[in-house]
Every structure is written in C-alpha cells, then in structure tokens.
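With my numbering, the residue at position 128 of the sequence shown is 817, and numbering never jumps.
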Amino acid sequence: MTSSLTDLRARLDAVDAELLQLVAERQRIIGDIGTSKRGTGRATRDFAREKEVIEAARQRALELTLDPDLAEDLMSSLIRASLTAQEEARVAAEGRGDGRRVLIIGGAGKMGRWFVRYFQSLKFHVIVADPTPCDIADAQVTDWQSAGVDVDIIVVATELAISAKILAELAEARPAGLVFDIGSLKSPLRNALEQAAANGVQIASLHPMFGPTTRLLSGRHMIFVDAGCAPATAAAKQLFSATMVEQVDMQLDEHDRLIAYVLGLSHAANIAFFTALAESGEAAPRLRELSSTTFDAQLRVAREVAAESPSLYFEIQHLNDFGLDPLESLADATDRIRDAVKGGNVDAFARLMHNGAAYFAR
C-alpha cells in the first residue's frame, strides 16, 4: 500500500531529527578532539585528515548510490563547523587577558564589535569608546579621552580620517600599552604612525582581511604593517596566535599599493557592474530568470558591495596614494573591450582574454 504524503513527511522529519542528533554527537566528539590537540600541542587544522574524511565520504556515497558531490558538500560544512568550534575553544582556553583592560575606540562599529567579542573571548575587560551604544561591551564611554590611556591595549577602529586624528593624539599622549589601528589604508595614517613610533609608543598597524560576520579565521588573512616598532607588531601577532588566521607582514607603501588592486579595483569593478545594471532599465527579477553561472556569481558579489558603507568605500578609493592607477587601468580595459566589440575586432578581444589566461596561469 502506498504511503500517504503525510506519512512520508513524518518519516522524513524523523530522519532529519536523527541527522541533527548525530551532528550534535559529532560536535561533542570534536570538542574532545580539540581538547586532546591542545593537550598535545597539535595544530587545530589537519589538512591531510580533512582530505581523508572527504575522500571516504565520497567513496561511501558511491556505495550508497548518492551523489558524491553532495557528500563532499555536507562533510565540508561539518568540517568547517568543527574547525570553528575548535578554534573558538582554543582561543578561550589559551586566552591570556586575565582581566586586563583593552580600550576599543569605535567599538560600536561593525569591525569594532568584532574586536569587542574577540578580546572578550581572550578574557580581557573591554571598554568601548563610542557615542553609539554598544550592548556587548563590559563598559562604555562616549569619548576615549574620558576613558584615559591607562589600559593595556588600545584599538583604533574608526573611519580613516578620524583614525588619523586619534592616532596623532595618542602619539602625544604616549600610552604605555600596545596601540594599533585596523585601517583599510595606511597612507592617511602614515604621519601619525611614524610620530607615535618616534615618541616611543608601542604602535602597530593591522588590517583584517575579513568582515565583521567572520567566525572561523582559517583561510583568512590578517596583515601586520610595519609601523616602526617591531616589539609592538610581535605583541599584536601574539594576540592571534591561538587562531588559524594567516599572518602577513607588509611595509606601509607595499600595503597600499597592493590594496589599491585587492580592494580598490575589485570595488570599482563591482560598482561599475551594478551601476550599468541599475541604469540599464532592465528589471533585476527578469535578469535573474535568464541568469548564467557567471552572472549569478557576479551579482552575488555586487549585491554585497552595494550594501556596504559608501563613505568607507570612497575613503578606500580617494585616500589611497596608489589608488588612481588601478582605476585608470580599469577604464582603459573597458574602453578596449568596447572598441574591440564595436569594431568587430575579434583578435583584439581574444588578446585580452589570452592575456588574462596567461596571467592566472602564472
């Protein structure tokens, strides 16, 4: 007798519940594995083991006549959740804040709040200096001067123009603790950073290459820019030693020159893309009905860019001493594509694509 739709759905619900129970049990085992790794000094991430788990899942899927890609996607999601849990547990277990105080200037902002949570996980007492309320802070003041500089760490997490002013004031205040900014650019901060170093401030300069919703730092990058005080940079790096973040060392000029492409060019390309769409007169829902894999991927990134802060993105373009070259290259490339299409020049068009393929091959 054929089962009714209601019975089939009830069976499916039971299987889903069992799956979630098994996932919960898997996470408990992962917790024990993380404890064991910390006890033996082993790294959180084991790429060989991950490959072994995924390959075994794909093989088992074939035996069960399941799509092996589905099995890999499932196991990859579970591995990522496991790594996140292990990393967070390691950070908490190895946190050496011991109630020491950190002042986060601009802590109510998106990245400011990320650093609030991170330092709390390290067991620091977190004070936020921000006129906007921050409900997760241990304490809050509206301006950093009223908090004073008698703290162990000061993080400057404000807009670039404001950060330059604050860093200059901190250079004169000469706090004894570690000071670092998290600016996306360093050109506007150069004078203040150099003055702070000259005044003996333990100054460092960081650039987190991830967003405020990031939990797992594996595969993410944290740039440490030389601000003229090697001990401060080393101390800043130590704050992230329990994580799996990739630590990248850079000089001031190198940072902004590369960021002009990594952020400036990519932002501009996406702004140009969604501007062309928005001014095309074509409805977005209709375009989605016809979309391709390439269009979908570009649309997803462009939508995220469009939702970001215009003032921040303008700062990244306008305040970078190296920012114009990539924009001029983008404009030139767009002109060459247009000219090749308009003139029916397949060779010129092909050269652009071949040059791109050769670049990525290198």
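Positions of the beta carbon are idealized from the N, C-alpha and C atoms, including for glycine.
Compute the Euclidean distance between the alpha carbons of residue i and residue j, then round it to the nearest angstrom.
i: E707; j: R747; result: 21 Å
i: D832; j: S852; result: 13 Å
i: R1080; j: G786; result: No answer is possible for residue 1080: it lies beyond the span of the chain, which begins at 690 and ends at 1051.
i: S1018; j: S980; result: 28 Å
i: S810; j: A782; result: 9 Å
i: P877; j: A826; result: 28 Å
i: A1039; j: R992; result: 29 Å
i: E714; j: A760; result: 19 Å
i: V868; j: V845; result: 8 Å
i: D1021; j: V934; result: 36 Å
i: V990; j: L1001; result: 17 Å
i: T695; j: D756; result: 27 Å
i: L711; j: T733; result: 22 Å
i: V994; j: K799; result: 15 Å
i: P1015; j: Q716; result: 45 Å
If you run the structure through DSSP and keep just helix, strand and coil, what is residue i?
i: Q936; result: strand
i: R790; result: strand
i: L941; result: helix
i: V840; result: coil
i: L811; result: coil
i: P974; result: helix
i: I768; result: helix
i: A1046; result: helix
i: L867; result: strand
i: F929; result: coil
i: F1011; result: coil
i: I1026; result: helix
i: A732; result: coil
i: A1037; result: helix
i: A886; result: helix
i: A818; result: strand
Let me make sure I understand the geometry here. Which of the options has the alpha-carbon closest to that of residue i?
i: A836; options: A818, I948, L976; result: A818
i: H910; options: A916, E1017, F899; result: F899
i: K926; options: G796, T903, S894; result: S894
i: M863; options: A885, S873, E714, D870; result: Checking the sequence, you will find Arg at residue 863 rather than Met. Selected option, being the one with the closest Cα: A885.
i: A923; options: Q891, E997, S766; result: Q891
i: A986; options: E744, N959, E997; result: N959
i: A797; options: D1024, F984, D824; result: D824
i: F736; options: L966, R769, R989, L759; result: R769
i: V914; options: T982, E861, S873; result: S873
i: P820; options: F813, F808, Q834, G917; result: Q834
i: A887; options: T902, T903, C918, R700; result: C918
i: K740; options: D762, Q936, R731, A921; result: D762
i: R738; options: S969, F813, M764; result: M764
i: R904; options: Q710, A774, L1016; result: A774
i: V742; options: L988, Y1048, S766, T902; result: S766
i: A967; options: I719, L988, L1016; result: L988
Which residue comes first and which comes last in the beta strand (DSSP E) that contains residue i?
i: I892; result: 891–897
i: A828; result: 828–830
i: I912; result: 910–914
Could you please give the first and the last residue of the uninterrupted alpha helix (DSSP H) stretch that includes residue i?
i: I855; result: 849–862
i: A967; result: 955–967
i: L878; result: That residue, L878, is in no alpha helix (DSSP H); it is neither H nor E in DSSP.
i: V712; result: 694–729
i: V990; result: 982–995
i: A750; result: 736–752
Below 8 Å, can you find three or more Cβ-Cβ pairs linking the segment 747–760 to the segment 803–821? no
Okay, do the segment 879–889 and the segment 846–857 touch, 3+ Cβ pairs below 8 Å being the bar? yes
Does the structure place the segment 1028–1048 close enough to the segment 962–976 that three or more beta carbon pairs sit under 8 Å? no
Report yes or no: do the segment 917–932 and the segment 790–797 share at least 3 C-beta pairs separated by less than 8 Å? no
Does the segment 1006–1015 come into contact with the segment 930–948, if we say contact requires no fewer than three beta-carbon pairs (one atom in each stretch) closer than 8 Å? yes
Could you check whether the segment 836–851 touches the segment 993–1007, counting it as contact only if at least three pairs of C-beta atoms, one from each stretch, sit closer than 8 Å? yes
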